[in-house]
Structure formats: C-alpha cells, structure tokens
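Engineer: Residue numbers (my numbering): 5 to 123. Glycine included, each C-beta is placed from N, C-alpha and C at the ideal position. For clarity, every value in this text was computed on a predicted model and none was experimentally measured. Structure in structure tokens, see below.
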DNA sequence: CGGCTGACGACCT
DNA sequence: GAGGTCGCCAGCC
C-alpha cells in the first residue's frame with residue numbers, strides 16, 4: 005500500500021535527527037508517569053513508526069539524561085524480557101518512582117499514570 | 001543489492 | 001484474553 009496520510013500521519017519525518025527528536029519527547033515525561041512508543045510516534049506526527057521509537061531507545065546510551073524506562077508498550081507493559089538486565093532495571097526504576105509493576109511486567113493503573121506527550 | 005530483524009501497534013479470529 | 005497478520009523503516013548482514 006502506498007503512503008496514505010489518513011493511515012500514516014501528516015508527513016514523513018523519519019530521517020537524520022529522528023533519534024534526537026524521540027529523546028526530546030521522552031524527556032517531557034514527568035517522574036511517576038509513563039508513556040508509550042505509539043504516543044511518542046504520534047507526538048512526532050507519525051502514527052505508524054512506533055517501532056522506530058523502540059529502535060531509537062535501543063540505541064540510547066545510558067549516560068544520557070533520558071528517562072527511557074518511562075516508556076512502555078500500548079498494553080501498558082514493559083516491552084523487554086523481565087529476566088533480562090534491562091527489563092529488571094526498568095521495573096525497578098519505575099517502582100522507585102511510585103509506579104506499581106506486577107510480576108508479569110504490567111503497569112498497574114496504567115490509564116491513570118499514562119502521560120500523553122503533546123505535539 | 002535483497003532479505004531479515006526488531007524496546008510496536010491496529011485489527012481480526 | 002490469546003494468537004496471527006500486516007504495515008513501518010533504519011540498520012545489519
């Protein structure tokens with residue numbers, strides 16, 4: 005299917021600098037709240053590149069001041085194996101901010117702590 | 001250069 | 001709720 009603004013958003017903005025744009029949006033998420041890959045994609049004007057948002061975070065170096073752990077998937081769950089170092093760290097850091105995370109990685113009261121970044 | 005791979009998500013059974 | 005399908009696109013074989 006060709007590019008369709010109705011489905012894919014107003015314009016294509018993925019390109020050089022995309023990662024930095026993602027990081028800028030993530031930094032808007034306040035402590036104690038979480039947002040989703042899709043919400044970030046939409047804040048950047050593209051509804052269909054949620055996957056690229058995850059890719060951007062995957063390439064993030066931890067020494068940068070970006071709260072990567074406040075980003076979860078649309079189901080309100082941590083999108084990394086909980087038996088991995090990063091999965092455990094994310095759950096830990098969210099709990100440290102007062103967010104309840106169940107043993108299966110689900111965020112409790114997700115709809116209430118969900119933060120939707122604005123354009 | 002073609003194929004595969006994802007920290008995803010909407011939609012359908 | 002649990003799976004499967006398809007669309008996305010930069011990066012890495």
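So what does DSSP say about residue 44, is it helix, strand or coil?
Structural biologist: Numbered from its first residue, the first chain carries residue 44 at position 40. Looking at residue 44 - three-state DSSP - the assignment turns out to be helix.
Engineer: Which residues in the same chain have their Cβ closer than 8 Å to the Cβ of residue 91, if we skip the five residues on either side of it in sequence?
Structural biologist: Translated into the one-based positions of the first chain, residue 91 becomes position 87. Within the same chain, residue 91 has close Cβ partners 82, 84, 85 and 109.
Engineer: Beta-carbon within less than 6 Å of residue 68's beta-carbon, same chain only, minus the 5 sequence neighbours each way: which residues are those?
Structural biologist: Within the first chain, numbered from 1, the residue matching residue 68 stands at position 64. Same-chain partners within the cutoff: there are none.
Engineer: With a CB to CB cut of under 6 Å and the five nearest residues on each side skipped, what residues in its chain are close to residue 114?
Structural biologist: As a first step, residue 114 must be located in the first chain, where it is residue number 110. 80.
Engineer: Looking at C-alpha atoms only, which residue of 37, 52 and 87 is the closest neighbour of residue 73?
Structural biologist: For the purposes of this step, residue 73 is identified with residue 69 of the first chain, where counting begins at 1. Cα-wise, what sits closest to residue 73 is 37.
Engineer: Any idea if residue 94 is buried or exposed, counting beta-carbon neighbours within 10 angstroms, 16 or more meaning buried?
Structural biologist: By 1-based counting over the first chain, the position of residue 94 is 90. It counts as buried.
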